[in-house]
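Quick note: the sequence shown uses the numbering used here, first residue 14, plus one each step.
Right, one structure below, let's go through it.
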Amino acid sequence: MNDSARRTLFFFFAAILAGALVAALRHLPSFGDYQGPYGDVILSGCIPQRHTPQGVAAVTFDYRGFDTLGEEFILFTAVAGVLLLLRQQQCERQEKPRDCELGRAIPATSSAVLAAGLLMFPAALLLGCSLVLHGHLTPGGGFQGGVLLATAFYFVYLSSDYRDLTRFTPDHLLDYLEVTGATTFALGATLPLVLNRPFMLNLLPLGKTGSLFSAGFLPLFNCSVGVEVGAGFLLLIAAFLKQVIVIRRESDQ
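Next comes the structure, spelled out in structure tokens:
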């Protein structure tokens, strides 16, 4: 197929797609005209039934919590697969990080970069903890907070060096945290089955709506997911950094 035919086909199908998009946009409800009966049902039941004003958290960790359990283990399996693929091979060896090699002049970290890292680390860490702990009260949750927790520790690497990152986040601790987070969620979801109760049935007091210790299992599930997601992303990026910075093939000089 020559270039002229390709362009003709492109413009033909692009015109069809553009027409479909315009037709779809014309039939959208007007601004402020909410048409979501499912959302109305959830919002009408989440406070009296689950003592949480956060309908999204109620759906994610209660009404359809089995979906979230599967999604968490998708991430867990993905991290395990990446670590398996990036494991050290027999033809590879570990050396000092490239920025620590002898004879290499490394420019000192600028004051601006160091100050930015020192400021962003606690800010991202506190925001991540807040999103995880208040995920059943305000928008946020374990997934979003876990990503921010991982990001906070990588400000350490960006403003310092690889050794400081490994000192803050040793692999054996991250392995333990990821397994603990995933196991806690799975045990909390399946424990009611052992007691001959429905799957993911809440077994904790619901508490007072709007308080930190409310909504039963929801805060526990948020924390377990936050720990698992944060540790998982830290393990992923650590594995990629190790491949780039530390691991060498025996044939490399």
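Where a beta carbon is used, it is the ideal one built from N, C-alpha and C, also for glycine.
Query: Glycine 194 beta carbon less than 9 Å from that of glycine 154; Result: no
Query: Residue span of the alpha helix (DSSP H) that contains asparagine 235, given as start and end; Result: 231 to 258
Query: Check: asparagine 215 C-beta below 8 Å from any heavy atom of the ligand NAD; Result: Within the structure as shown, the ligand NAD is missing, as the structure has no ligands at all.
Query: Contact belief for glycine 201 with phenylalanine 230 at Cβ below 8 Å, rounded distance in angstroms; Result: 6 Å
Query: CB of threonine 197 within 9 Å of CB of cysteine 236, strictly; Result: yes
Query: As assigned by DSSP and simplified to three states, the class of glycine 154; Result: coil
Query: Local Cβ density within 10 Å of glutamine 266, reported as buried at 16 or more and exposed below that; Result: Only weak support is given to the placement of glutamine 266: the predicted model assigns it a pLDDT of 44, under 50, and the question is left unresolved by the model.
Query: Beta-carbon contacts of glycine 159 that lie in its chain and below 6 Å, excluding the five residues immediately before and after; Result: Gly239, Val242, Gly243
Query: 9 Å Cβ cutoff met for valine 95 and alanine 252; Result: yes
Query: Close beta carbons around proline 66, own chain, < 8 Å, minus the five adjacent residues each side; Result: Cys59, Ile60, Leu150, Thr222, Gly223
Query: Rounded distance between the beta-carbons of alanine 228 and isoleucine 63, thought under 8 Å; Result: With the sequence shown as reference, residue 63 is identified as arginine, and isoleucine is not the correct amino acid for it. Yes, they are in contact, since the Cβ atoms of arginine 63 and alanine 228 sit about 6 Å apart, within 8 Å.
Query: Limits of the unbroken alpha helix (DSSP H) element including arginine 19; Result: 16 to 39
Query: Alpha-carbon spacing of leucine 254 relative to glycine 245, whole angstroms; Result: 14 Å
Query: Exposure label - tyrosine 167; buried when at least 16 CB within 10 Å; Result: buried
Query: Burial state of proline 232, where buried means 16 or more other Cβ atoms lie within 10 Å; Result: buried
Query: Three-way DSSP call (helix, strand, coil) for alanine 137 in this model; Result: helix
Query: Cβ contact check for the region 124 to 135 and the region 163 to 177: 3 or more pairs under 8 Å; Result: yes
Query: Range of the contiguous alpha helix (DSSP H) that encloses threonine 90; Result: 78 to 98
Query: With 16 other Cβ atoms within 10 Å as the buried cut-off, status of glycine 68; Result: buried
Query: Secondary structure of alanine 9, DSSP reduced to three states; Result: Not covered by the structure: residue 9. The range shown for the chain is 14 to 266.
Query: Proximity below 9 Å, CB of alanine 137 to CB of threonine 164; Result: yes
Query: Presumed contact (8 Å Cβ cut-off) between isoleucine 55 and valine 35, rounded CB distance; Result: Not quite, the Cβ-Cβ distance comes to about 32 Å (not below 8 Å), so this is no contact.
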